[in-house]
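The numbering used here numbers the first residue of the sequence shown as 859 and each following residue consecutively.
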Amino acid sequence: MNAATISFFWGAFFATVALMLAGALAAFVQSHHRVALAAALSALVSGLFVVSYLGWLPIDDPDDEARLLAHIGIFSATTLGLMLLADLGLLRDRNGRRRVLAAMLATAAAAVAASWMVPPRAALALSSLMAVAVALAGLLIGIRSAQRGDRLAWLAVFSVACMLLALGGVVWIALDRRGVPWPVHAASALAGMAYLTGIGAMLWLRYSYLIELREVRSQGPRYDPITRMQSSAATGHMVTQAFQRQTQHPTRPVLLIAVSIGNLYALENLHGRAALNHALFVCASRLRRCAPGDMEIGRLFDDGFLLVSRDARELERLVKLGRLVARRLSQPLNLAISDGSPQAQERHIEWVAQIGVGLLAATVHAQPAAVIAKVRDMSRTAWSFASRIAWHDQASDMIAELPESDTR
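Here you go:
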C-alpha cells in the first residue's frame, strides 16, 4: 500500500514536469526561446535531481551512487540558483551578471573539490548543504526584491520555500533509503509540484508579456493596449478581409455581432479615465471568454466591439451567441475609483454596462464600410429594447428586437 501511495505522488510530480516541458515546447514554437529554455531547464534539472536522489539510477555501488548524487546536487543547485536570479531580473546588468556567474561557478568548483576530500556519504551531505544554502540565499533575495515592490518576487519566495521543503525530504530519502515513512515522500512530491507550479507561473507572466509585446510591435498603432484587441481602424480591415474570403462561397453570409456600451462616457465624466479603462478592460475580457475561437474580435469606435465570423454556416449559433454576449456583458462589475493622488484611498462602486447588441448576416456583395455602420447602428438601437438585442428581420426588411428566448 505504501509503495502504491509513494508511486502515486511521485507520478503526479513527474506529470507536472511533463506538463512544464509541453509548455516549454509551445513557447519554443512561438519563437520565445528564452522562456522555453528557462522552463525546460527548470523541469529537466528538477526531474534529474529527484530521479537521482530517489535512487532510480542504474548504479549498484552505494559509494559510486553517493559520489554521483553529490555532483548532481551541486549542478542542480547552481543551475536553479542562476535561473532564479535571472527570473528576478538580477542578471540584466552585464557586469553584475559576470560577477554573479563567477561567484556561483567558483562556489560550485569549490564544493566539487571539497566533496572529493571526504567519504562518499559525507560528500552527499556536503552537496546537500550547499543546495540548502543556495536555496536560503535565493529566499532572502526574493524577499528583499518583493519588499522593494517586485510583485513577481513573491512567486519566487513561494517557489523557493516549497523547494526547501522538497529538498529536505529528498535528501532524507537519499541518505536513508528504507527508513523514510511514506508521508515524507508525499510531502516532498507535493512541495516539488508546488515549486514547479510557482516557477511555471513566473515564466507564464513573462511569456504572456512577450506575447502582448510582439502583438504591439506587429500591430503598431492598430493595437489597443487596454482591451488587447485590434483598434477600430484595424477592425475595418478585418471585416474587408472577411468579405474577401467569403467570395469563394457567395451563398454564405458574413456574420457580424456589434456590441455598443451606452454609458461609458457618463462613467468617464463621473469617475475619470481610469474607471473607463477599467470597465473597458473587464468588458473586453468577458467578451473574449464567451466568443468562440472561429470569430475575430476588434474594437468598434470608442464605445463598442465587433465580432466577425470566419465560418458563417449556422445562423442559429449567431442568435445564441448574441444572447450570451448580452447576458455576460450586462453582469455588474466592481470598479476601483481613485483620484490619482498617492495618498488617496481607492473606493469601489458597482457599475452595470448598458449593452446593445446588433446581429447582422450580410451578403458578400455588400460594402464592408456600410455593413459596419449598419450593424453599429443596430447595436445602438438595441439600447431601447428590453432584450438589448437587435437583428435584421429579412421578412419585413426592418431592424427589429430579438426576443430574449425563442419561446417568447
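Quick reminder that beta carbons are idealized off the backbone N, C-alpha and C, glycines included.
request  = May I ask you to verify whether the region 1040-1052 touches the region 983-1001, counting CB pairs closer than 8 Å and requiring at least 3?
outcome  = no
message = Taking a contact to mean a Cβ-Cβ separation below 8 Å, would you say Arg1175 touches Arg1144 in this structure?
response = no
ask   = When the Cβ atoms of the region 953-971 are set against those of the region 1019-1033, are three or more pairs found closer than 8 Å?
value = Below 8 Å, too few C-beta pairs join the region 953-971 and the region 1019-1033 to call them touching: fewer than three.
query = For Ile1115 versus Leu1179, is the C-beta spacing smaller than 8 Å?
reply = yes
ask   = How would you label Thr1221, buried or exposed, when you count the other beta carbons within 10 angstroms and need 16 or more for buried?
value = exposed
message = Quick check: what's the CA-CA separation for Asn860 versus Met878?
response = 27 Å
ask   = Do you know whose CA, among Ala1184, Arg957, Ile932, Asp1161, lies nearest Leu1125's CA?
value = Out of Ala1184, Arg957, Ile932, Asp1161, Asp1161 has the C-alpha closest to the C-alpha of Leu1125.
Range of the contiguous beta strand (DSSP E) that encloses Phe1163 = 1162-1167
message = If contacts are defined as beta-carbon pairs under 8 Å, then Gly1000 and Val1015 qualify, I think. What distance do you get, rounded to the angstrom?
response = 4 Å
query = From His891 to Ala885, what does the alpha carbon distance come to, in whole angstroms?
reply = For His891 and Ala885, the distance between alpha carbons rounds to 7 Å.
inquiry  = Let's test the definition: count the other Cβ atoms within 10 Å of the Cβ of Thr1265 and tell me whether it reaches 16, buried, or not, exposed.
reply    = Because Thr1265 carries a pLDDT of 41, less than 50, the predicted location of this residue cannot be relied on, and the following value inherits that uncertainty. It is exposed - the Cβ of Thr1265 has fewer than 16 other Cβ atoms within 10 Å.
task = Quick one: measure Cβ to Cβ for Leu856 and Val909, integer angstroms, because I've assumed they're closer than 8 Å.
result = One cannot answer for residue 856 here, as it falls past the ends of the chain, which runs 859 to 1266.
message = Within a Cβ cutoff of 6 Å, which residues of the same chain sit near Leu997, ignoring the five residues on either side of it in sequence?
response = For Leu997, where only same-chain residues beyond five positions count, the Cβ hits under 6 Å are Val1018.
key: Straight-line gap, Phe1159 to Pro1111 (C-alpha atoms, nearest Å)   = 24 Å
ask   = How is the beta strand (DSSP E) around Trp1209 delimited, first residue to last?
value = Trp1209 -> beta strand (DSSP E) spans 1205-1209.
task = Given a cut-off of 8 Å, decide if Ile1230 and Gly1094 are closer than it, judged by their beta-carbon atoms.
result = yes
key: Straight-line Cα distance separating Gly1026 from Ala1267   = The shown model of the chain, from 859 to 1266, leaves out residue 1267, and the question about it has no answer.
task = Return the chain-ordered list of same chain residues with a C-beta closer than 6 Å to the C-beta of Asn1121, the five sequence neighbours on each side being excluded.
result = Here the set comprises Gln1212.
message = Let me confirm a value: His1129 is counted as buried when at least 16 other C-beta atoms fall within 10 Å, else exposed. Which label applies?
response = buried
message = Out of Leu948, Trp974, Phe866, which one is the CA nearest neighbour of Asp921?
response = Trp974
request  = With distances taken Cα to Cα, identify the nearest neighbour of Leu912 among Leu1033, Ser1245, Phe1101.
outcome  = Leu1033
query = Which partner residues does Asp1082 have in the DSSP bridge list?
reply = Met1087
inquiry  = Let's test the definition: count the other Cβ atoms within 10 Å of the Cβ of Ser865 and tell me whether it reaches 16, buried, or not, exposed.
reply    = An exposed status is given to Ser865, since fewer than 16 other beta-carbon atoms sit within 10 Å of its beta-carbon.
Rounded straight-line distance, which links the Cα of Leu1010 to that of Arg1246 = 42 Å
inquiry  = What would DSSP say about Ser865, mapped onto helix, strand or coil?
reply    = helix
inquiry  = Let's test the definition: count the other Cβ atoms within 10 Å of the Cβ of Leu994 and tell me whether it reaches 16, buried, or not, exposed.
reply    = exposed
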